[in-house]
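Protein chains in written order, with my numbering: chain A, 927 to 1154; chain B, 927 to 1154.
Notes follow once the structure below has been shown.
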DNA sequence: CGATGGTATGACAGAATTGTGACAGTAGTA
DNA sequence: TACTACTGTCACAATTCTGTCATACCATCG
């Protein structure tokens, strides 16, 4: 969920403003102050989106965009072009050079964030949208629904993710910390015992459908989901 | 997705060239050779975008643009002005008359198509005129009417579009930002919570017909329409 | 059998999310 | 101009979800 956004902008003030707004929205901003700097970072780790200033010291933003589009690895990274010019021609050049969107300064932070969200959503066709089946259970991320033996089961967000993980990783024991990493995310800080509580809640929700026993406790190790 | 593009251009050679390029891009081109011709077509069916030559026999392109902007129905149809002149004054006049973009001949087909795509991408997806049925609900875009269990329901424009989207995309959960993209258009920048308010208004309007429960809240994810 | 360490369970307060009514600005219309 | 309808935003209420405890329960081992 937390996307890395590379901000290529030479003006510190704007760089800072962008970083602030990006962080505000829950994304992570990486700062680069020129094209070479950006290129170095990109070779080190691929960002999820690039915010690229049109005017840069040294080679221009358009040039960097072209380079990114030419490279197999970076071809699909979305680019939002940032420009101070209001000339329509520049916009087109930006788009033709491979940018996914452009925005002219001065821009409202709200507008920029809306575009970032739109681009990220467009480019990431939700990975695991496929319906998962396991035994009598059917879980559909797209509909956010669980069907057990024909009856609908209501789950909270966490229980839903937990069940989804189990159904896609059956027959294997996972420790509490592994589950925290996989279901909660590896950056959160919660007690391991919290897993117990959610396991309980999940079992409780599954119980009315006579589907208890699906989640087994492996004493000393963790939990296991078994379609059996 | 296939957008109708009305090409208002008196020179057959250019008209043909444009039609070819437009078709190449997957859009449908409708040819009009003068302003009156264009106006007649527009009254018959609203295109998604108008490519308008500056110089036209009879009344000029600018005049047609003004007329389009003055009319409620055609106000929001994007216009790209096409002109041979490079004079700055014309550009100003063209934009003032309500054109969304401007391109001078000779232009590269690539550039033109880039602009067309850019303009179209920003338009809110427009609904088809077909009547949609879902459960006890019947929605007719052409007549802007909603019939629930035999009773008429009055909806504002936004609630109408929202319900139409839901009825054509049932059973699936949509996040607030997805709904903003789909119903408001991805060039509109409003708070995500605004969606909540319109959901409420829609629910309120549906309530008298005992049709509540149609729109379900999926906590942490968004909303879902289900015909039950 | 009792001790020990790991689990299950119920309760709860705070956090997070959503529902709701009000309001002001805008645009269209008479 | 005044009036009406519609929108987007806000503040506050209502609801649901979460993480953490304390306690009860259970298996295993000495």
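Backbone N, C-alpha and C fix where the C-beta goes; we use that ideal spot for every residue, glycine too.
Here the structure is a predicted model, which is why all the values come from computation and not from measurement.
Considering only their Cβ atoms, is the gap separating residue 1077 (chain A) from residue 1065 (chain A) smaller than 8 Å?
Remark: C-beta atoms of residue 1065 (chain A) and residue 1077 (chain A) do not approach each other more closely than 8 Å.
Suppose only complete runs of 3+ residues qualify. What are the beta strand (DSSP E) ranges in the segment 978-1002 of chain A, listed by chain order?
Correct list: empty.
Count the other CB atoms, across all protein chains shown, that sit within 10 Å of the CB of residue 1072 (chain A); report buried if there are 16 or more and exposed otherwise.
Label assigned to residue 1072 (chain A): buried.
Note down, in chain order, every chain A residue with its Cβ under 8 Å from the Cβ of residue 1144 (chain B).
Think of a sphere of 8 Å around the beta carbon of residue 1144 (chain B): the chain A residues whose beta carbon falls inside it are 1070, in chain order.
Quickly, what does DSSP pair residue 1064 (chain A) with across the bridge? List them, please.
The secondary-structure analysis by DSSP pairs residue 1064 (chain A) across a beta bridge with A:1059, A:1073.
Is any beta-carbon of chain A found at less than 8 Å from that of residue 1115 (chain B)?
Taking Cβ atoms only, chain A reaches closer than 8 Å to residue 1115 (chain B), which makes this a yes.
Do residue 943 (chain B) and residue 964 (chain B) have their C-beta atoms closer together than 8 Å?
Not in contact: residue 943 (chain B) and residue 964 (chain B) (Cβ atoms no closer than 8 Å).
To which residues does DSSP link residue 1151 (chain B) through a beta bridge?
Answer is B:1141, bridged to residue 1151 (chain B).
Using a 10 Å radius around the Cβ and a threshold of 16 neighbouring Cβ atoms, would you call residue 1069 (chain B) buried or exposed?
Here residue 1069 (chain B) is exposed. Its C-beta has fewer than 16 other C-beta atoms within 10 Å.
Under 8 Å between the Cβ atoms of residue 1006 (chain A) and residue 1029 (chain A)?
Cβ distance < 8 Å, so residue 1006 (chain A) and residue 1029 (chain A) count as in contact.
Contact set between residue 1040 (chain A) and chain B, taken where Cβ atoms lie within less than 7 Å:
Per Cβ cutoff of 7 Å: 1115.
Residue-level contact to chain B via CB, residue 1004 (chain A), 8 Å cutoff
Judged by the 8 Å Cβ criterion, residue 1004 (chain A) is not in contact with chain B.
For the segment 1094-1110 of chain B, enumerate the residues whose C-beta is nearer than 9 Å to any C-beta of chain A, in chain order.
Listed by position, the residues of the segment 1094-1110 of chain B near chain A (Cβ gap below 9 Å) are 1097, 1098, 1099, 1101, 1103, 1104, 1106, 1107.
State the DSSP-derived secondary structure class of residue 972 (chain A), mapped to helix, strand or coil.
Residue 972 (chain A): coil per DSSP, three-state reduction.
Using the C-alpha atoms, what's the distance from residue 1104 (chain B) back to residue 1096 (chain A)?
For residue 1096 (chain A) and residue 1104 (chain B), the distance between alpha carbons rounds to 32 Å.
Alpha-carbon to alpha-carbon, residue 1046 (chain A) and residue 930 (chain A):
The alpha-carbon of residue 930 (chain A) is positioned some 11 Å away from that of residue 1046 (chain A).
Buried or exposed: residue 970 (chain B), going by 16 or more other Cβ atoms within 10 Å of its Cβ?
Classification for residue 970 (chain B): exposed.
Given this structure, state the Cα-to-Cα distance separating residue 973 (chain A) from residue 1101 (chain B), to the nearest angstrom.
One C-alpha to the other measures close to 24 Å.
Bounding residues of the beta strand (DSSP E) (the contiguous stretch that carries residue 1120 (chain B)):
Here residue 1120 (chain B) belongs to no beta strand (DSSP E); instead the alpha helix (DSSP H) covers 1119-1132.
Nearest-angstrom Cα distance between residue 983 (chain A) and residue 994 (chain A)?
Residue 983 (chain A) and residue 994 (chain A): Cα-Cα distance of roughly 18 Å.
Counting only C-beta atoms, is residue 1119 (chain B) closer than 8 Å to chain A at any point?
Residue-level contact by beta carbon fails for residue 1119 (chain B) and chain A, as no gap is shorter than 8 Å.
Going by C-alpha distance, which of B:932, B:1000, B:1151 is nearest residue 1088 (chain B)?
When only C-alpha atoms are compared, the closest one is B:1151.
Assign residue 1115 (chain A) to buried or exposed, taking buried as 16 or more other Cβ atoms, counted over all protein chains shown, within 10 Å of its Cβ.
Looking at its Cβ environment, which holds fewer than 16 other Cβ atoms inside 10 Å, residue 1115 (chain A) is exposed.
Is the distance from the Cβ of residue 1085 (chain A) to the Cβ of residue 1128 (chain A) below 8 Å?
Less than 8 Å separates the beta-carbon of residue 1085 (chain A) from that of residue 1128 (chain A).
Roughly how many whole angstroms lie between the Cα atoms of residue 934 (chain B) and residue 954 (chain B)?
If you draw a straight line from the Cα of residue 934 (chain B) to the Cα of residue 954 (chain B), it is about 14 Å long.
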